[in-house]
Amino acid sequence: HVTGTPAIGQCGEYELMTSPADASKPCVKIFTSPLPWNLAQQQCAADFGSLITINSAEENKYFWRTGISNSMLNGMHIGAHQYSADPSVWVWSDGEIPFNGKSYDNFVSC
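Residue -10 is where the sequence shown starts when you use this note's numbering, and the numbers rise one by one after that.
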């Protein structure tokens, strides 16, 4: 999950995402215990964060590599989920609508 923009050296138990294209360099924390999406989002919220919103190819690669390096071969949750009022619409957990030309939309499912 991702927390807000940290002050330099303020990630604590989190890892600083080091994507060169990511100016805000958010702190991230990887949970490896499998949970349903809603419980994963709740766990992140309890830790003052949210599931990841992917905004660039660099972020996508970072989280893909991080998942592989943590043996998360069955995948990981991201913040995109089906909108309850219209299941044909997907939204990020921060409320932004993915795949609308504003956010990154080049995901690969292996």
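Every residue gets a Cβ at the ideal spot worked out from N, C-alpha and C, and that includes glycine.
Starting from residue i, follow its DSSP beta bridges and name the residues at the other end.
i	result
Y72	D75
C16	L5
Could you give the distance in angstroms between the alpha-carbon of residue i and the alpha-carbon of residue j?
i	j	result
I57	D75	32 Å
Y51	M6	8 Å
A34	I43	17 Å
A12	S77	The pLDDT assigned to A12 is 49, lower than 50, so where the model puts this residue is not dependable; a value taken from the coordinates is nonetheless given after this. Approximately 32 Å, taken between the alpha carbons.
H70	S39	13 Å
S73	W26	14 Å
E4	N63	22 Å
I86	W79	6 Å
In terms of alpha-carbon separation, which member of the options lies closest to residue i?
i	options	result
L28	G68, E4, V78, S77	G68
Leaving out the 5 sequence neighbours to the left and right, which residues in its chain are closer than 7 Å to residue i when beta-carbon positions are compared?
i	result
L24	Q32
M61	T21
Given residue i, which residues of its chain have a CB within under 6 Å of its CB, disregarding the five upstream and five downstream residues?
i	result
N59	I19, T21
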